[in-house]
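Presented below is the structure to which this report refers.
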Amino acid sequence: MTREELNAICETLPGAEVSDPWGGGHDAWKVGGKMFACIGTHTPGIAVKTASTDDAAHLIDLGIAQKAPYFHASWVLLPWEAEPEEAQHRIETSYGLIRSKLPKKVQATLGA
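With the sequence shown counted from 1, adding 685 to any position gets you this note's numbering.
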């Protein structure tokens, strides 16, 4: 998948906003001010959060993802070669995990 295709998935999620907090062309996708996905400038792919370090390790062991550089162990990097359905599922899962931890008042402002 391309950067544009991955960004297109992220931008459809309610309340999703993109920024470049570190400069240099990163696409950091956030919901309620908390990051759920990041496309870097040097590593080809998109970093997303998983439910646990065990889930991350499982995806890495299966060859679906790689360790996400500079991120916590519960984050993985989906390479450009990831299947579109897999990438969409992992992005939506990451978004859901982050959104569910937001205060209920913030969640209510985000829409469906």
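The C-beta atom is built at its ideal place from N, Cα and C for all residues, glycine as well.
The model shown is predicted, which means the values in this text are computed figures rather than measured ones.
Residue i versus residue j - alpha carbon distance
i, j, result
"residue 772", "residue 766", "9 Å"
"residue 786", "residue 736", "12 Å"
"residue 781", "residue 774", "10 Å"
"residue 745", "residue 761", "8 Å"
"residue 763", "residue 754", "12 Å"
"residue 756", "residue 789", "26 Å"
Residues near residue i by beta carbon distance below 8 Å, same chain, minus five either side
i, result
"residue 711", "705, 723, 724, 725 and 726"
"residue 700", "716, 717, 784, 794, 795 and 796"
"residue 769", "686 and 690"
Own chain residues within Cβ distance below 7 Å of residue i, not counting five before or after
i, result
"residue 791", "717"
"residue 759", "734, 735, 737, 738 and 741"
Selection from the options that minimises the alpha carbon distance to residue i
i, options, result
"residue 714", "796, 784, 793 and 788", "784"
"residue 709", "695, 698, 728 and 691", "728"
"residue 730", "743, 703, 702 and 690", "690"
"residue 698", "732, 756 and 779", "779"
Cutoff 6 Å; reference residue i; Cβ partners in own chain excluding five residues on either side
i, result
"residue 694", "773 and 776"
"residue 707", "none"
Taking three-plus beta-carbon pairs below 8 Å as touching, is the region 739-749 in contact with the region 713-720? no
Entirely enclosed beta strand (DSSP E) segments - the region 696-770, minimum 3 residues: 701-704, 712-716, 719-724, 730-734 and 760-764
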